[in-house]
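J.: In the order they appear, the protein sequences are chains W and B. Under my numbering, the letters of the first sequence match residues 570 to 677, in that order. Under my numbering, the letters of the second sequence match residues 368 to 472, in that order. Here a beta-carbon is modelled for each residue, glycine too, at the ideal position from N, C-alpha and C. Since the model is a prediction, treat every value here as computed from it, not as a measurement. Provided herewith is a single structure, encoded as structure tokens, for subsequent inquiry.
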Amino acid sequence: MKAQTLLAATLFSVAISSPAWAAGDAAAGKEKSAACAACHGPDGNSVAPDFPKLAGQNADYLSYTLKGYKTKARTNAIMNGQAATLTDADIANLAAYFASQKGLTIKR
Amino acid sequence: MKKYAIASLVLLAAASGAAFGAGDAAAGKSKNSMCAGCHSIPGYRTVYPDTYQVPKIGGQHASYIVSALKAYKAGDRKHATMRAIAGSLTEQDMNDLAAYYADAK
Numbered sequence: 570m571k572a573q574t575l576l577a578a579t580l581f582s583v584a585i586s587s588p589a590w591a592a593g594d595a596a597a598g599k600e601k602s603a604a605c606a607a608c609h610g611p612d613g614n615s616v617a618p619d620f621p622k623l624a625g626q627n628a629d630y631l632s633y634t635l636k637g638y639k640t641k642a643r644t645n646a647i648m649n650g651q652a653a654t655l656t657d658a659d660i661a662n663l664a665a666y667f668a669s670q671k672g673l674t675i676k677r
Numbered sequence: 368m369k370k371y372a373i374a375s376l377v378l379l380a381a382a383s384g385a386a387f388g389a390g391d392a393a394a395g396k397s398k399n400s401m402c403a404g405c406h407s408i409p410g411y412r413t414v415y416p417d418t419y420q421v422p423k424i425g426g427q428h429a430s431y432i433v434s435a436l437k438a439y440k441a442g443d444r445k446h447a448t449m450r451a452i453a454g455s456l457t458e459q460d461m462n463d464l465a466a467y468y469a470d471a472k
């Protein structure tokens, strides 16, 4: 009985503590973002039209994108190199930082 | 005389090329029904092949939107739904949609 309760509690806490994407630390992401700023702008609002704006983008989409570049599931000469050395924590932190900036919107 | 004719032809081609390249935001708005089902819903998630919130595209650079759509159409960017949708778009459709979405409001 006790063991069952414990097991249920453990499974429940694992379930709630394992979201599909780990939540990042925006402040740590900002410190890591200098390399991004050169093309995407310091807050992710890029000026050059060939480089996408990142400001306000969904954090889990940013993580998905960076992981895709890291594994080369998505190919881009610049981004494959940039993402290669990022850890999962770096990716989550960068995603949290750019997602917290004001920029992109949802249009009807 | 011939020179003038060639020069005016070149000028005409340049001018009409620019006009074609520019998107029409109003036309884009009338073509966005396929986009809106996912990109207009806050928090909307893809379910296949990966699960994540679909990207926000309001306020994105028009030229980046066009390059993304072309990459989906060509299969350089892999996403089954986006490949199918982009595959149905002409270059003018892409330019119009990009002009519509480039305005963040």
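What is the DSSP secondary structure of G410 of chain B, counted as helix, strand or coil?
T.: To locate residue 410 of chain B, count along the second sequence from 1; it is residue 43. Coil.
J.: Only counting the same chain, and skipping five residues up and downstream in sequence, which positions put a Cβ closer than 7 Å to that of A429 of chain B?
T.: Residue numbering aside, residue 429 of chain B sits at position 62 when the second sequence is read from its first letter. For A429 of chain B, where only same-chain residues beyond five positions count, the Cβ hits under 7 Å are G390, A465, A466, A469.
J.: Within 8 Å of any Cβ in chain W, is that where the Cβ of A441 of chain B sits?
T.: Counting from one through the second sequence, the residue named residue 441 of chain B turns up at place 74. Chain W contact via Cβ: absent.
J.: Taking C-beta to C-beta, are Q420 of chain B and Y630 of chain W nearer than 8 Å?
T.: As a position in the second sequence, residue 420 of chain B is number 53, starting the count at 1. As a position in the first sequence, residue 630 of chain W is number 61, starting the count at 1. In this structure, Y630 of chain W lies closer than 8 Å to Q420 of chain B by Cβ.
J.: Are the Cβ atoms of A451 of chain B and R444 of chain B separated by less than 8 Å?
T.: Position 84 of the second sequence holds residue 451 of chain B. Position 77 of the second sequence holds residue 444 of chain B. Their beta carbons are not under 8 Å apart, which means A451 of chain B does not touch R444 of chain B by this criterion.
J.: Output, in sequence order along the chain, the residues in the segment 612-633 of chain W whose CB is closer than 9 Å to any CB in chain D.
T.: Structure shown: chain D not included; protein chains present are W and B.
J.: Ordered along the chain, which non-local residues of its own chain (more than five positions away) have a Cβ less than 6 Å from that of L623 of chain W?
T.: Residue numbering aside, residue 623 of chain W sits at position 54 when the first sequence is read from its first letter. H609, G613, F667, listed in sequence order.
J.: Rounded to the nearest angstrom, what separates Y431 of chain B and G410 of chain B at their Cα positions?
T.: Mapped onto the second sequence, residue 431 of chain B falls at position 64. Mapped onto the second sequence, residue 410 of chain B falls at position 43. Their Cα atoms are separated by approximately 22 Å.
J.: Would you verify that the beta carbon of P416 of chain B is, or is not, closer than 8 Å to some beta carbon of chain W?
T.: On the second sequence, position 49 is the one that residue 416 of chain B refers to. Not an interface residue.
J.: List the residues of chain W whose Cβ lies closer than 7 Å to the Cβ of Q427 of chain B, in chain order.
T.: Taking the second sequence and counting its residues from 1, the one referred to as residue 427 of chain B is at position 60. P621, K622, L673, listed in chain order.
J.: For T448 of chain B, name the three-state secondary structure that DSSP assigns.
T.: Your numbering for residue 448 of chain B matches position 81 in the second sequence. Residue state, collapsed to three classes: helix.
J.: Does DSSP classify T674 of chain W as helix, strand or coil?
T.: Counting from one through the first sequence, the residue named residue 674 of chain W turns up at place 105. DSSP places T674 of chain W in strand when its eight states are reduced to three.
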